[in-house]
Each structure stands twice: as structure tokens, then as C-alpha cells.
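In our numbering, the protein residues as written are 102 to 387.
Here's the structure, in C-alpha cells; my notes come after.
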Ligand SMILES: Cc1cc2nc3c(=O)[nH]c(=O)nc-3n(C[C@H](O)[C@H](O)[C@H](O)COP(=O)(O)OP(=O)(O)OC[C@H]3O[C@@H](n4cnc5c(N)ncnc54)[C@H](O)[C@@H]3O)c2cc1C
Ligand code: FES
């Protein structure tokens, strides 16, 4: 697959930067880039300013977009100040500009008929799920959401987002909010109660693998947005590869920045332990 054909590189202005719990909710004036972004797509932002040694762009899932208003098109991100790049980004004031490439990657598929959808997010993995929830609800689907994190402060669930879903379940590892434990512990009950047809997920790879196990046992379709580390974000460096089985059954190391981040969970070889699985196309026979 090739880079998202709607992608463009732009200097964009920060029009809002607010700290919300452990995250920064940032809004950028992006013009018509907002028109082309779909839930699941991400952007790659250059960090550190001119002359910085941080040459790798940082990838961020698109939280929401608006294609009109005072600033023309806007695009929203939820950023955790984690390492050098994200700390630099979240410290920028209003009206500062950044170099952004987007929208990138694949998007979540929206069913043509109303369905019962379960949306599952871990940490900042909740970001792309709210725009997805709005689209699904507009199409008449039932939308239940589960958000998990290590503790209460790391849950990103804004009020307007809660209104976009039929039910919201929170889990935390330390029990400081919602049910104590990980998101997967509440999934079987929710799947049964809401007669779930499809699971959409985004979060750490271990969480996605555990969700796929449940999806496989229950025969439910699972679309997931993987968070494999990315260096270029545009398909040239091969940093972000994951083993994926294609329709013909051939295993290929696929780039999650162009063949993903949204993938069919059933096609990912989750237990490869970061290695190239035996039989992968193009790999030497050892
Ligand atoms: C698809 C996707 C969506 C994401 N969405 C969000 C989001 O919505 N919100 C959020 O807060 N974060 C998100 N992230 C994580 C984000 O891209 C950064 O990894 C995170 O912010 C930490 O970056 P940093 O600069 O603060 O940390 P640092 O530790 O300074 O840098 C980590 C970044 O550099 C890259 N990197 C560093 N060294 C190497 C190397 N040797 N080879 C290859 N790559 C290297 C990593 O891939 C990573 O992106 C997402 C990541 C991906 C892949
Ligand atoms: S991040 Fe470079 S190929 Fe995907």
C-alpha cells in the first residue's frame, strides 16, 4: 500500500493548548486537511524547532476534526507529555506553528448498516475513538465504550465524548476509577449484554492482542489501530513493521504507518515476539 493519497505537509498554527488531567488537548488550524481526515488516521509532527537534533517526526492519532468555524478547518490531538518531543510540543504557546504531515494511515471501516459496536481504548488510545463514536451513532449504531489506564488521571474521557456513546465503562489498574483491572476483564460481560457485532480498539499492542483473543473466541470482527513505534510515518524506514497475513494467506512484514494503523485484528500475528515469523514472505529460510 502507498502513503495516504490525501496527505499534505503544512505549517499549522496552534489555536488552543489546554492541560486536561495527564494530557494536553491541542487544537491546530489546518485548513482543508480537516476535510480529508477520517477516524483512525494520524498526523506526523516535526518537533524541537529548526536546528533540533530530534529529526524524527512524532505520530499522533487524530482525536477530532471540524471543517469550518473561526479558524477554517481545525484538527484536535490529545498529547501525553512523555519524552522530549511531546514535552516540547505540549509546552508550545497559542499561535506557535508546527510542521505537520497528515492525514496519514488507514482509517476505521464504518458498517453500511447499523450495528452494535464496542469501542475499547487504552491510555491516549481513546483519542481516535470519539470521532469514530460520532460517525457510528450518526449511522444509527449502538456504541458502547470501554476506556482503561493505569490510574484515574490517565483516562481521557471528556464530557462531550461521554455524551456520544450509549454507555461508558472505565477500568484502572490501581482501582482509582471504575472497575479495578484491565479493559479485557470487562469485555466478555459487555459483549454478551449488548450483543456486540464489532469491536474497534486502539492502545498498547499487548492490550490489542488480548482483545483479539476474546474476539476470536466469540467470533466478533475486531478492527484495531496499532501503536507500533514509528520513525518516518510515511512508509520509507520500515521501523513500524508488524507481521500481517494477507487475503491469500501470505505473511508479510507490513508497515503500520501505511498498511495501518487500522488493521483487521484477525490478520495480525500477535505472538511473534518482535521477530519475523517463519515463512514470512521475503525472509531467508533458517
Ligand atoms: C500511530 C500512533 C499514534 C499515536 N498517537 C498518540 C496520541 O494520540 N497521543 C500521544 O500522546 N502519543 C501518541 N503516540 C506516541 C507518540 O508518537 C510518541 O511516541 C510519544 O509522544 C513519545 O514521543 P516523545 O518524543 O515524547 O518521546 P521520545 O522518547 O523522545 O521519542 C520517542 C519517539 O521517537 C521515536 N524514536 C526514537 N528513537 C528511535 C529510533 N532509534 N528508531 C526509531 N524510532 C525512534 C519513537 O518511535 C517515538 O515516536 C502515537 C504513536 C503512534 C505510532
Ligand atoms: S514509520 Fe517509517 S515505514 Fe513506517
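Glycine included, each C-beta is placed from N, C-alpha and C at the ideal position.
Suppose you measure from the CA of residue i to the CA of residue j; what does that come to, to the nearest Å?
i: residue 362; j: residue 302; result: 11 angstroms
i: residue 215; j: residue 267; result: 14 angstroms
i: residue 319; j: residue 194; result: 48 angstroms
i: residue 277; j: residue 224; result: 14 angstroms
i: residue 106; j: residue 151; result: 27 angstroms
i: residue 244; j: residue 217; result: 6 angstroms
i: residue 329; j: residue 233; result: 21 angstroms
i: residue 160; j: residue 341; result: 11 angstroms
i: residue 291; j: residue 183; result: 32 angstroms
i: residue 394; j: residue 344; result: Not covered by the structure: residue 394. The range shown for the chain is 102 to 387.
i: residue 211; j: residue 133; result: 22 angstroms
i: residue 131; j: residue 140; result: 16 angstroms
Quickly, what does DSSP pair residue i with across the bridge? List them, please.
i: residue 341; result: Note: residue 341 sits in no beta bridge, so no partner.
i: residue 302; result: 221, 325
i: residue 207; result: In DSSP, residue 207 forms no bridge with anything.
i: residue 118; result: 127
i: residue 365; result: 324
i: residue 243; result: 217
i: residue 273; result: 250, 281
i: residue 159; result: 146
Quick check on residue i: buried or exposed, where buried means 16 or more other Cβ atoms within 10 Å of its Cβ?
i: residue 356; result: buried
i: residue 339; result: exposed
i: residue 171; result: exposed
i: residue 360; result: buried
i: residue 142; result: buried
i: residue 350; result: exposed
i: residue 255; result: buried
i: residue 158; result: buried
i: residue 248; result: buried
i: residue 207; result: buried
For residue i, which of the options has the nearest alpha-carbon?
i: residue 309; options: 137, 109, 283; result: 283
i: residue 153; options: 342, 271, 189, 358; result: 189
i: residue 246; options: 255, 227, 254, 261; result: 227
i: residue 346; options: 337, 210, 162, 364; result: 364
i: residue 366; options: 323, 341, 327; result: 323
i: residue 253; options: 259, 157, 273, 234; result: 273
i: residue 220; options: 321, 382, 351; result: 321
i: residue 191; options: 146, 168, 213, 217; result: 146
i: residue 258; options: 331, 117, 332, 126; result: 126
i: residue 115; options: 270, 213, 175, 300; result: 175
i: residue 262; options: 104, 279, 235, 377; result: 235
i: residue 264; options: 222, 248, 275, 231; result: 231
i: residue 307; options: 293, 325, 353; result: 325
| Is the segment 304 to 320 close to the segment 369 to 384, with three or more CB pairs under 8 angstroms? | Contact between the segment 304 to 320 and the segment 369 to 384 is present: three or more C-beta pairs spanning the two stretches fall below 8 angstroms.
| task | Answer yes if the segment 108 to 122 comes into contact with the segment 197 to 208, meaning at least three C-beta pairs across the two stretches below 8 angstroms, and no otherwise. | result | They touch, by the three-pair rule.
| message | Can you confirm whether the segment 175 to 191 touches the segment 120 to 135 when touching is taken to mean that 3 or more C-beta pairs between the two stretches lie within less than 8 angstroms? | response | A contact exists between the segment 120 to 135 and the segment 175 to 191.
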